[in-house]
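Asker: So the protein lines, in turn, are chains A and B. For the first sequence, the working numbering begins at 195 and goes up steadily by one. For the second sequence, the working numbering begins at 48 and goes up steadily by one. Glycine included, every Cβ here is placed at the ideal spot set by N, Cα and C. Nothing here was measured: the structure is a model prediction, and the numbers come from that model.
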Amino acid sequence: MELFTPDFGLVFWMFIAFILLFLILAKWGWPMIIKQMEGRADTIDKGVEYAREAKEQLDSARDSAQKVIGEAQARQAEMLREAAKMKSQIIEEAKKEASEEARKVMEAAKVSIEQSRKEAELQFRNEVSKFSIDIAEKMVRSRLQNDAEQQKLVDKMLDEIEKN
Amino acid sequence: MTKKFAILFVLLSVLAFPFSAFSSEKDKGQVDVKENIFHHLGDGYGWEVPFSHTYRIPLPVIVRAEDGKWFVFSSSRLSQISEVQDPEAGKSRKEAVPVIYKTEKDGKDYLFYQPHVSTHSGKVVQLFPIPDAEQKKLEAEVTDSDISHHVAPGYTNIDGKFWREYRCFDLSITKNVLALFIAAALVIWIVLSLVRFYAKHGYKAPRKGMGFFELCVDFIYSGVIKSTLGAKAPKYAPYLLTAFFFILTMNLLGLIVIFPGGANLTGNIAITLVLAVMTFIITTVSGNKHYWKEVFWPDVPIWLKCPLPIMQVIEIFGLFTKPAALCVRLFANMMGGHMIVITLVLLIFIFAAFGAATAGVSVVVSLIFSIFMLALDVLVSFIQAYVFTLLSTIFISMAVEDHKEKHDEVKAA
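1) I'd like to know whether the C-beta atoms of Arg214 of chain B and His167 of chain B end up nearer to each other than 9 Å.
2) Is it true that the CB of Leu217 of chain A sits closer than 9 Å to the CB of Val238 of chain B?
3) Just tell me which of B:Asp114, B:Phe216 and B:Val408 has its CA closest to the CA of Asp153 of chain B.
4) In this structure, does DSSP put Thr313 of chain B in helix, strand or coil?
5) Going by the CB atoms, is the gap between Met297 of chain B and Ala379 of chain B shorter than 9 Å?
6) Is Met358 of chain B buried or exposed, if buried means 16 or more other CB atoms sit within 10 Å of its CB?
7) Restricting to Cα atoms, I'd like to know which of B:Leu377, B:Val110, B:Val412 and B:Val198 is closest to Leu394 of chain B.
8) Tell me, please, whether the CB atom of Gly223 of chain A is closer than 9 Å to any CB atom in chain B?
9) In angstroms, rounded to a whole number, what distance separates the CA positions of Ile54 of chain B and Ile303 of chain B?
10) According to the Cβ coordinates, are Val144 of chain B and Phe159 of chain B closer than 9 Å?
11) Tell me the rounded alpha-carbon separation between Val425 of chain B and Leu300 of chain B.
12) In angstroms, rounded to a whole number, what distance separates the CA positions of Lys229 of chain A and Ser428 of chain B?
13) Looking at C-beta atoms only, is the number of pairs between the region 400 to 420 of chain B and the region 309 to 322 of chain B that lie closer than 8 Å three or more?
14) Would you call the CB atoms of Tyr283 of chain B and Ile329 of chain B closer than 9 Å?
15) By Cβ distance below 8 Å, which residues in the same chain neighbour Val164 of chain B in space, the five residues on each side in sequence not counted?
16) Would you mind reading off the limits of the beta strand (DSSP E) that contains Arg103 of chain B?
17) Measuring CA to CA, which of B:Gly407, B:Gly383 and B:Leu174 is closest to Gly314 of chain B?
18) Looking at the unbroken alpha helix (DSSP H) that takes in Glu313 of chain A, where does it start and where does it end?
19) Taking only the alpha-carbon atoms, compute the straight-line gap between Tyr157 of chain B and Leu233 of chain B and give it to the nearest angstrom.
20) Any beta carbon of chain B sitting closer than 9 Å to that of Ala245 of chain A?
21) Applying the criterion that 16 or more other CB atoms from any shown protein chain within 10 Å of the CB defines a buried residue, is Tyr244 of chain A buried or exposed?
22) Residues of chain B with CB under 8 Å from Gly233 of chain A, in chain order?
23) With DSSP as the reference, identify every bridge partner of Arg243 of chain B, one or two as the case may be.
24) Taking 8 Å as the threshold, find out whether the region 429 to 443 of chain B comes into contact with the region 274 to 294 of chain B through three or more Cβ pairs.
25) Identify whether Pro176 of chain B lies in helix, strand or coil by the three-state DSSP scheme.
26) For Pro176 of chain B, tell me which candidate among B:Lys141, B:Lys184, B:Val189 and B:Glu212 has the shortest Cα-Cα distance.
27) In terms of DSSP beta bridges, what is Arg111 of chain B paired with?
28) For chain A, check one thing: does any of its Cβ atoms lie closer than 9 Å to the Cβ of Asp90 of chain B?
29) What is the rounded straight-line gap between the Cα of Val146 of chain B and the Cα of Val119 of chain B?
30) Relative to the C-alpha of Val324 of chain B, which residue among B:Ala371, B:Ala310 and B:Val347 is closest?
31) For the region 203 to 221 of chain B, list every residue whose C-beta sits within 9 Å of some C-beta in chain A, in sequence order.
32) Of all the alpha helix (DSSP H) runs that stay within the bounds of the region 259 to 332 of chain B, which reach a length of 4 or more residues?
33) Tell me whether the beta-carbon of Pro97 of chain B lies closer than 9 Å to the beta-carbon of Ser123 of chain B.
34) Can you find a C-beta in chain A that's less than 9 Å from the C-beta of Ala284 of chain B?
35) How would you write the range of the beta strand (DSSP E) that Arg124 of chain B sits in, first residue to last?
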């Protein structure tokens, strides 16, 4: 049967064609395709791994950011509180200082008033004593025109000294 | 929907037309089933053109004459289109009839012919005229009533006149050889276009057709080669992948009825023989110590191998039966598929003799069945290419397998 007897010409050409096909594809075809497919698979694997890691990092970063924000908020609140405290303190101090100053001013004023009062008093007294001495001198002068009277007065003075 | 029907109708008519065109060819309206089947399964010096049984695409004939000289000529020289009187239809029609191609080289005449009545029917032979005495002697041997159909070994019979024939050493680019080149070129083009895509686009994955091709490569490489051969996969992958895609392309091209396809390549034993021999060579060359030990000194009771080398004979026989099975499996499957489709179509002409109604029914039934068979053949094309690759991989892996770890495992257990 012709169908079951291989024809030499066809065997020859098949051999040539197959060898050529094999050489061309083994040199420029299959290794490139296999390398490419495996390289791409590796890249995808790496990409997936990288994405997973990145997500993990992102999660942890988000956590730490949350923490930092929380801390910052707490610190801010504290600072605000402190500022408020400081403000009231400063006001308080200012008030105190002002009142102190006022007091001092008042006191100084008082002192100066007192001083001037005393001076005035002293002056007044001096004036009064001068007037009274003058008056007394005049009176004494008018009264001590006789000796009896002078004796009487001296006695009375002596009595008084003795009594004392 | 209507578009689909239109396409289907056109395809159906394309399928039906060539056969109806040549159904009128036979004198008595009878179709020579066997000749038709073998003509379509076999090789040829020209390539059939759709809708015509007369004209063929001429292909180069490369032959060596008896005295060792080489000749290259067009296959169109071997036949001539001539008017033939058809007594049945009562009119003449064109038909390709074989003629003797006469050429001269170094002052000597050479005659080439493609005989029909000869032991080398259909092949190019060199003819030599014989003396009258020999002709008379041969005529005397003829017992048939019709001398023009008498086949005498070593002689070509042309309308009752005998010529001594020499079957040329034949390296012609026949229909199958050209189809082979087309298939190889197609595979190279597909593979290299994918490589070019990679070069252009880097690690970008290909889409559509190229993506599908890459999927197939991955299916074979990861699914068959790598899982069987392991670390040795890159060494044998080029051969196995080449074999797979070459077989697949040849199978699928064989299913296309018109020009670039239609050659029954993988259903030809020469093609599958070469493929199987390749696998055999690779298996034998790369066989390691363990492989040859299994052949010549297998692990069986000593009486099976020592005085009488029973196991050795079986094993050595097995070395050859494995690739032979590869060869025959692919050949038989593909040839069977083609044969069934041709037979189903020929049923139309067989039933045509029983009248119009039977012919009509058989047209519908045959076409439905042959389309179903062709669809099945697409599946078979893929499966057979896959099976060839899978078995080749297994044979190679049996030859190169490292048994060291396995023995260690057994000892450890």
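Answerer: According to the data block:
1) One-based indexing of the second sequence puts residue 214 of chain B at position 167. One-based indexing of the second sequence puts residue 167 of chain B at position 120. Yes; because the gap between Cβ atoms is below 9 Å, this pair is in contact.
2) Your numbering for residue 238 of chain B matches position 191 in the second sequence. Your numbering for residue 217 of chain A matches position 23 in the first sequence. No, they are not a contact pair.
3) As a position in the second sequence, residue 153 of chain B is number 106, starting the count at 1. With distances taken between Cα atoms, Asp153 of chain B lies closest to B:Asp114.
4) Locating residue 313 of chain B in the second sequence gives position 266, where the first residue counts as 1. It is coil, neither helix nor strand.
5) Within the second sequence, residue 379 of chain B is the residue found at index 332, counting from 1. Within the second sequence, residue 297 of chain B is the residue found at index 250, counting from 1. Taking 9 Å as the Cβ cut-off, Ala379 of chain B and Met297 of chain B do not qualify as a contacting pair.
6) One-based indexing of the second sequence puts residue 358 of chain B at position 311. Result: buried.
7) Along the second sequence, read from residue 1 onward, the residue named residue 394 of chain B stands at position 347. Of B:Leu377, B:Val110, B:Val412 and B:Val198, the residue nearest in Cα terms is B:Val412.
8) Reading the first sequence from its first residue, position 29 is the one you call residue 223 of chain A. So yes, Gly223 of chain A belongs to the interface.
9) On the second sequence, residue 54 of chain B is found 7 positions in, with the first residue counted as 1. On the second sequence, residue 303 of chain B is found 256 positions in, with the first residue counted as 1. Cα to Cα, the separation comes out at about 16 Å.
10) Mapped onto the second sequence, residue 144 of chain B falls at position 97. Mapped onto the second sequence, residue 159 of chain B falls at position 112. No; because the gap between Cβ atoms is not below 9 Å, this pair is not in contact.
11) On the second sequence, residue 425 of chain B is found 378 positions in, with the first residue counted as 1. On the second sequence, residue 300 of chain B is found 253 positions in, with the first residue counted as 1. Using only the alpha carbons, I get a separation of about 10 Å.
12) Numbered from 1 along the first sequence, position 35 holds the residue referred to as residue 229 of chain A. Numbered from 1 along the second sequence, position 381 holds the residue referred to as residue 428 of chain B. Using only the alpha carbons, I get a separation of about 28 Å.
13) no
14) What you label residue 283 of chain B is simply residue 236 of the second sequence in a count that begins at 1. What you label residue 329 of chain B is simply residue 282 of the second sequence in a count that begins at 1. Contact: yes.
15) Along the second sequence, read from residue 1 onward, the residue named residue 164 of chain B stands at position 117. Closer than 8 Å at Cβ, skipping near neighbours: Ser195, His196, His197, Val198, Thr203, Asn204 and Ile205.
16) Here residue 103 of chain B refers to the residue found at position 56 of the second sequence. Counting along the chain, the beta strand (DSSP E) containing Arg103 of chain B begins and ends at Ser99 to Pro105.
17) In the second sequence, the residue the question calls residue 314 of chain B occupies position 267. Ranking the options by Cα distance to Gly314 of chain B, first place goes to B:Gly383.
18) Sequence index remark: in the first sequence, residue 313 of chain A carries index 119 (1-based). Start and end: Trp224 to Arg337.
19) Stepping through the second sequence from its first residue, residue 157 of chain B is reached at position 110. Stepping through the second sequence from its first residue, residue 233 of chain B is reached at position 186. Between Tyr157 of chain B and Leu233 of chain B, the C-alpha separation is close to 38 Å.
20) Here residue 245 of chain A corresponds to residue number 51 of the first sequence, with the count starting at 1. No, no contact with chain B.
21) As a position in the first sequence, residue 244 of chain A is number 50, starting the count at 1. It is exposed - the Cβ of Tyr244 of chain A has fewer than 16 other Cβ atoms within 10 Å.
22) In the first sequence, the residue the question calls residue 233 of chain A occupies position 39. Neighbours of Gly233 of chain A on chain B, chain order: Tyr250.
23) Here residue 243 of chain B refers to the residue found at position 196 of the second sequence. Answer is none; Arg243 of chain B lacks a bridge partner.
24) yes
25) Taking the second sequence and counting its residues from 1, one reaches residue 176 of chain B at position 129. Residue state, collapsed to three classes: strand.
26) By 1-based counting over the second sequence, the position of residue 176 of chain B is 129. Per the Cα distances, B:Glu212.
27) Counting from 1 along the second sequence, the entry for residue 111 of chain B is found at position 64. For Arg111 of chain B, which the question treats as bridged, DSSP gives the partners B:Trp117 and B:Phe216.
28) Working through the second sequence from its first residue, we reach residue 90 of chain B at position 43. Asp90 of chain B counts as touching chain A.
29) Against the second sequence, residue 146 of chain B aligns to sequence position 99. Against the second sequence, residue 119 of chain B aligns to sequence position 72. Using only the alpha carbons, I get a separation of about 17 Å.
30) Within the second sequence, the letter at position 277 stands for residue 324 of chain B. Comparing Cα positions, the closest option is B:Ala371.
31) Phe216, Asp217, Leu218, Ser219, Ile220 and Thr221
32) 280 to 302
33) Position 50 of the second sequence, counted from the start, is the residue given in the question as residue 97 of chain B. Position 76 of the second sequence, counted from the start, is the residue given in the question as residue 123 of chain B. No; because the gap between Cβ atoms is not below 9 Å, this pair is not in contact.
34) Counting from 1 along the second sequence, the entry for residue 284 of chain B is found at position 237. Chain A contact via Cβ: present.
35) For this step, residue 124 of chain B is matched to residue 77 along the second sequence. Element bounds for Arg124 of chain B: n/a, residue is neither H nor E.
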